[in-house]
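Take any residue in the sequence shown, count from 1 to its spot, add 7: that is its number in our numbering. From the three backbone atoms N, C-alpha and C, an ideal C-beta is built for every residue, glycine too. Some notes on the structure that comes next.
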Amino acid sequence: MKIAVIHQPQYLPYLGFFHKLNQGDVFVVMDSVQFQRRGIQHRNKIKTNKGEQWLTVPVFHSSGEEERIDEVKIDSELPWSRKHWQTLLTNYSPAPYFEKYAGKLQELLAKKWHHLWELDMALIQWVMEILEIDKPIVYLSSLGVEGSKSELLIDACKAVGADTYLSGSGGKKYMDMSLFEAAGIGIIWQEFNSPSYVQLFPELGFLPNLSILDTLFCCGLETRKFLELN
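Dropping the structure here:
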């Protein structure tokens, strides 16, 4: 059995994203699908002394037809990376493992990024290395497959030689199971419930599903144990 994880690139995604990658055999990056303006491809949440706060990467808005993720450009005229770093420094510097990861993170954020997907994937691969998630990465745009929803997922699985697709529970809302069955592609549903761990600002209670940075800064390499849960 060869399991494919097929996912859009996200900005500093949450723990469940990496839990999913860890369960698969190959990571197919959906870089050639439509960019979602209100999605988490260019933003994610962290914890501050006032609660959740979004960190958003500013991107140029296309006035024409729908944009693919691999076409989206970052608005580098805005000082977003400095603001993100300062926000992280202000809120996470007391965390036990902040210093362990701060240097490389600051270096990555400070680079001159042009396309959003490049930034997203550089950060994702950095976290994968920390968590020892060693999976081959294939970009959907390189596979020459097209289609919508289920057909696209099936063709991507076939293109990378996978006979099984690992899906989040949200896939049940739009996936056509009969098409997968007819194509001989099995489906496994990710089972992930956000684990509780010691966060900063305990007076606010535990806030689940924040950026992976919250978990790394608070738990360090203990984050790896969460990849095997459920």
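Check                                                                                                                             : Outcome
Contact the region 91-101 vs the region 155-163: 3+ CB pairs below 8 Å                                                            : no
Per DSSP, the bridge partner or partners of residue 50                                                                            : 63
Chain-order list of residues whose beta-carbon lies under 8 Å from that of residue 139 (same chain, five-residue window excluded) : 231
Alpha-carbon spacing of residue 182 relative to residue 101, whole angstroms                                                      : 43 Å
Those runs of the alpha helix (DSSP H) which lie wholly inside the region 119-206 and span at least 4 residues                    : 123-137, 157-166, 184-190
C-alpha distance - residue 195 paired with residue 21, whole-angstrom precision                                                   : 20 Å
Local conformation of residue 75 per DSSP, three classes                                                                          : strand
Whether residue 234 touches residue 10 by CB criterion (8 Å)                                                                      : no
Rounded C-alpha distance that separates residue 38 from residue 145                                                               : 10 Å
Nearest-angstrom Cβ-Cβ length linking residue 58 and residue 186, presumed shorter than 8 Å                                       : So it is not a contact: roughly 42 Å between Cβ atoms.
Residue(s) in a DSSP beta bridge with residue 13                                                                                  : 35
Integer-rounded CB distance, given that residue 36 should sit under 8 Å from residue 147                                          : 6 Å
Own chain residues within Cβ distance below 7 Å of residue 111, not counting five before or after                                 : 133
Nearest residue (CA-CA) to residue 130, options 143, 141, 114                                                                     : 114
Local Cβ density within 10 Å of residue 49, reported as buried at 16 or more and exposed below that                               : buried
Residues of its chain near residue 78, where Cβ-Cβ distance is below 7 Å and the 5 sequence neighbours each way are ignored       : none
With 16 other Cβ atoms within 10 Å as the buried cut-off, status of residue 152                                                   : buried
Rounded straight-line distance, which links the Cα of residue 85 to that of residue 190                                           : 47 Å
Bridge partners - residue 21, DSSP secondary structure assignment                                                                 : 218
Buried or exposed by the 16-neighbour rule on C-beta atoms within 10 Å, applied to residue 97                                     : exposed
Per DSSP, the bridge partner or partners of residue 58                                                                            : 55
The alpha helix (DSSP H) enclosing residue 80, as first and last residue numbers                                                  : Looking at the DSSP string, residue 80 is not in any alpha helix (DSSP H), and its letter there is neither H nor E.
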